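Worksheet: the structure to be examined is printed underneath.
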Amino acid sequence: MRTYEHIAFENKEYKCRRINIKGWGNYLVASTFLQKKLINEECQYNSDEARIIDEGIFFFINPNYYKLHDSKLAKEILKSLQ
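In the numbering used here, the protein residues as written are 1 to 82.
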């Protein structure tokens, strides 16, 4: 079952999920849409709030991955980390 949470930034809410990644634990993942709002093209945070939010997110995923079952999403994240 997919369980969603939301992160508010600049008056907008962004969907995120808490995923159990085998061997790592439970982590918050969010979409690359949020990542682009937090970090500018020069790879700098847009604000102190953006930095704090980013530090709480384990991994940014393609928004299409939100449809995946938790175990499949965890496998996709692990592949990206290797």
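Every residue gets a Cβ at the ideal spot worked out from N, C-alpha and C, and that includes glycine.
For clarity, every value in this text was computed on a predicted model and none was experimentally measured.
With a threshold of 6 Å on Cβ separation, who are the neighbours of Phe59 within its own chain once the five nearest residues in sequence on each side are excluded? Val29 and Ile77
Residues in the same chain with beta-carbon distance under 7 Å from Gly56, minus the five sequence neighbours each way, listed in chain order, please. Leu28
Can you give me the C-alpha to C-alpha distance between Phe33 and Trp24, rounded to a whole angstrom? 24 Å
Residue closest to Ile7, alpha-carbon to alpha-carbon, out of Ile21, Ala50 and Asn20: Ala50
Here's a check: name, in chain order, each residue in its chain whose Cβ is nearer than 7 Å to the Cβ of Glu41, leaving out the five neighbours to either side. none
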